[in-house]
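Residue numbers (our numbering): 1 to 250.
Where is the CB? At the ideal position from N, CA and C, for every residue including glycine.
In structure tokens, the structure reads:
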């Protein structure tokens with residue numbers, strides 16, 4: 001299918017490739033518009049996505065492509081009246097065959113948010129905001145949102161975004177049942193290797209505090225630690241690998 005003008009809208013599935021050279025593609029309802037082949041968007045074309053929440057097909061649109069996506073032209077995000085707060089993100093485009101290119105023009109009506117190009121997704125994501133871990137669970141749901149963001153999902157999100165990132169903690173006290181009210185994260189498999197500059201700041205967990213004793217006085221440390229990674233289930237395999245420069249674990 002070649003779209004040279006006008007608007008292609010709705011949900012459902014298109015069999016084959018879609019080459020949008022000058023029209024507008026607009027999933028609607030909100031809904032998911034599926035394409036079995038490749039999607040190519042030219043300089044004069046537009047993709048319009050409505051966002052009313054973080055769940056595509058339920059309260060937000062999504063273009064889901066079985067092949068590859070080549071991005072160009074314009075992306076317009078339409079606010080349906082929702083307030084987004086980090087770490088919530090919204091997958092706008094999913095491409096099983098991968099994403100290449102970028103939009104020459106984007107309209108994003110959500111303050112502090114921008115377009116994040118990932119290997120197989122184009123995501124409406126916070127700009128430079130800390131990623132907030134709020135659950136001790138592992139592995140998690142596969143994405144970070146206000147309902148649940150595990151350490152594993154937080155590291156994956158940080159790895160997927162170019163530039164330095166910060167992971168902070170705000171785990172509810174009811175989940176922190178370790179000694180002294182510590183929050184124990186027990187990965188079932190090793191956590192993802194960190195591949196870009198990242199600060200993981202355990203002292204941001206409520207109740208935690210860094211050492212304030214001057215070094216060299218023999219007074220020891222008065223740090224209060226509230227985040228613990230328990231690798232007992234890994235049989236001696238390290239739970240966390242730091243494979244990049246600019247990584248700090250506090």
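Legend entry - Cβ neighbour criterion (16 or more within 10 Å) applied to residue 62: The count along the chain shown starts at 1 and reaches residue 62 at position 62. Classified as buried, residue 62 has 16 or more neighbouring CB atoms from the shown chains inside 10 Å of its CB.
Inset, instruction - Take the Cβ of residue 131 as the centre, count every other Cβ of all protein chains shown within 10 Å, and call the residue buried at 16 or more, exposed below. - result: As a working mapping, residue 131 is identified with position 131 in the chain shown. The residue in question, residue 131, is buried, as its Cβ has 16 or more Cβ neighbours within 10 Å.
Legend entry - Where residue 85 falls, given that 16 or more other Cβ within 10 Å makes a residue buried: By 1-based counting over the chain shown, the position of residue 85 is 85. That one is exposed.
Legend entry - Three-way DSSP call (helix, strand, coil) for residue 41 in this model: Walking along the chain shown from the start, residue 41 turns up at place 41. Annotated three-state conformation of residue 41 is strand, per DSSP.
Legend entry - Reduced DSSP category for residue 243 - H, G, I as helix; E, B as strand; rest coil: The residue you call residue 243 lines up with position 243 of the chain shown. Reduced to three states, the DSSP call for residue 243 is coil.
Inset, instruction - Determine the direct distance from the alpha carbon of residue 208 to that of residue 223, and round the result to whole angstroms. - result: The sequence position of residue 223 within the chain shown is 223, counting from 1. The sequence position of residue 208 within the chain shown is 208, counting from 1. Taking the straight line joining both Cα atoms gives about 8 Å.
Legend entry - Residue burial classification, residue 1 (beta-carbon count within 10 angstroms, cutoff 16): In the chain shown, residue 1 corresponds to position 1, counting from 1. Its Cβ having fewer than 16 others within 10 Å, residue 1 is exposed.
Inset, instruction - Give me the Cα-Cα distance between residue 36 and residue 200, rounded to the nearest whole angstrom. - result: As a working note, residue 36 is residue 36 in the chain shown. As a working note, residue 200 is residue 200 in the chain shown. Computed Cα separation, rounded: 40 Å.
Inset, instruction - Could you check if residue 73 is buried or exposed, using at least 16 other CB atoms within 10 Å of its CB as the buried criterion? - result: What you label residue 73 is simply residue 73 of the chain shown in a count that begins at 1. Answer is buried; the Cβ neighbour count reaches 16.
Legend entry - Under the three-state DSSP convention, the category residue 160 falls into: As a position in the chain shown, residue 160 is number 160, starting the count at 1. It is helical.
Inset, instruction - Answer yes if the segment 125 to 142 comes into contact with the segment 93 to 107, meaning at least three C-beta pairs across the two stretches below 8 Å, and no otherwise. - result: The segment 93 to 107 is not in contact with the segment 125 to 142.
Inset, instruction - Return yes when the Cβ of residue 230 is within less than 8 Å of the Cβ of residue 188, no when it is not. - result: Taking the first residue of the chain shown as position 1, residue 188 is located at position 188. Taking the first residue of the chain shown as position 1, residue 230 is located at position 230. No; because the gap between Cβ atoms is not below 8 Å, this pair is not in contact.
Legend entry - Distance between residue 136 and residue 80 (C-alpha atoms, nearest Å): Position 80 of the chain shown, counting from 1, holds the residue named residue 80. Position 136 of the chain shown, counting from 1, holds the residue named residue 136. When the Cα atoms are used, residue 80 and residue 136 turn out to be separated by approximately 32 Å.
Legend entry - Beta carbon of residue 280 nearer than 8 Å to that of residue 42: As shown, the chain starts at 1 and ends at 250. That puts residue 280 outside it, with no answer to give.
Inset, instruction - Could you check which residue in 161, 116, 227 has the C-alpha nearest to that of residue 203? - result: For the purposes of this step, residue 203 is identified with residue 203 of the chain shown, where counting begins at 1. In terms of Cα proximity to residue 203, the closest of 161, 116, 227 is 227.
Legend entry - Beta-carbon contacts of residue 54 that lie in its chain and below 6 Å, excluding the five residues immediately before and after: In the chain shown, residue 54 corresponds to position 54, counting from 1. Only 88, 90, 145 meet the Cβ criterion.
Legend entry - Proximity of residue 3 and residue 49 at Cβ, strictly below 8 Å: Within the chain shown, numbered from 1, the residue matching residue 3 stands at position 3. Within the chain shown, numbered from 1, the residue matching residue 49 stands at position 49. It is not a contact, given that the beta carbons lie outside the stated cut-off.
Legend entry - Residue of 244, 171, 123, 214 minimising C-alpha distance to residue 165: If you number the chain shown from 1, residue 165 lands on position 165. Measuring from the Cα of residue 165, the nearest candidate turns out to be 244.
Legend entry - C-alpha distance - residue 152 paired with residue 193, whole-angstrom precision: Taking the chain shown and counting its residues from 1, one reaches residue 152 at position 152. Taking the chain shown and counting its residues from 1, one reaches residue 193 at position 193. Their Cα atoms are separated by approximately 10 Å.
Legend entry - Which of helix, strand or coil DSSP assigns to residue 175: Reading the chain shown from its first residue, position 175 is the one you call residue 175. Here DSSP, grouped into helix, strand and coil, assigns residue 175 to helix.
Legend entry - Cβ neighbours of residue 14 in the same chain (closer than 6 Å, five flanking residues each side left out): As a first step, residue 14 is located in the chain shown; it is residue number 14 there, counting from the start. For residue 14, where only same-chain residues beyond five positions count, the Cβ hits under 6 Å are 35.
Legend entry - Whole-angstrom distance between residue 154 and residue 10, CA atom to CA atom: Counted from its first residue, the chain shown places residue 10 at position 10. Counted from its first residue, the chain shown places residue 154 at position 154. One C-alpha to the other measures close to 33 Å.
Inset, instruction - Measure from the alpha carbon of residue 38 to the alpha carbon of each residue in 143, 213, 120, then state which is nearest. - result: Taking the chain shown and counting its residues from 1, the one referred to as residue 38 is at position 38. Ranking 143, 213, 120 by Cα distance to residue 38 puts 120 first.
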